[in-house]
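Start counting the sequence shown at -19; every next residue gets the next number (the working numbering). Note that the Cβ used here is the ideal one computed from N, Cα and C, for glycine as well. Notes follow the structure.
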Amino acid sequence: MRECVTTASASILVNGSPTAEFPLARGLRQGDPLSPFLFLLETEGFLVMMDSPVTNNIFSGYKACREISLSISHLQFTNDTLIFGERSWVNVRAMRAVLLLFAAMSGLKVNFHKSEFVGINFTQSWLLEVAAVLNCNVGSLPILYLGLPVGGDPRRLIFWEHVVNRIKSRLSGWKSRHLSFGGCLVLHKFFLLQSSLRYHRLY
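Now the structure itself:
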């Protein structure tokens, strides 16, 4: 593994043509195929550290199903982590201790300024107190996780507004430049079909 990190090289696309390869003198960078794998190896330590206070009843996760005693304390996907817990200062202190200990042992610093503390049926004053202790922001539902809204009403149009806007911004950037004539024709027919279906629903 160390050999893969120290011998990595990269090249740059200039007008669509790659330049000669050059060595990476300061390790891996974002976008390197090996970076997610190394990150997952590091965050495996966080999962072990998070399981310890849960097993020893120091941290109480969210009880998703009381009939089968199912409790969720954390979910993780690459560099996105969600921590679930009941309202208590014991949970807050345990969570902060785990995050700081993980940062000290792994060298991966937690960016608390990009982190959010979200509470359901909590008073605003308590949320602000916890956010001050964790040095993070106070968030509100719905939140974005992996680019999708979580915690709102999916039956409302405003719930999908962020997703629709992202799709529109992506389409506007490449549909006119990278689609062939046939692709543009299919795209136009699709929008015309959607418009006609929407018209028939209205009338």
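How many Å lie between Thr23 and Leu80 at the Cα? 13 Å
- Query: Contact check, Val98 vs Leu128 under 8 Å by CB: the rounded distance?
  - Reply: That pair is no contact at about 15 Å.
*Local Cβ density within 10 Å of Met75, reported as buried at 16 or more and exposed below that*: buried
Check your understanding: Do you know offhand how far Ser32's Cα is from Ala111's?
Key -> 24 Å
Problem set entry | Selection from Phe139, Gly131, Lys94 that minimises the alpha carbon distance to Val118 | Lys94
- prompt: Are Tyr42 and Ser49 touching if we call contact CB-CB under 8 Å?
  reply: no
Margin query: What I want to know is whether the C-beta of Cys45 ends up closer than 7 Å to one or more non-hydrogen atoms of the ligand COA.
Written below: Annotation note on the ligand COA: not contained in the displayed structure, which lists no ligands.
Beta strand (DSSP E) containing Val194: first to last residue?
Lying outside -19 to 183, the shown extent of the chain, residue 194 is not represented and no answer is given.
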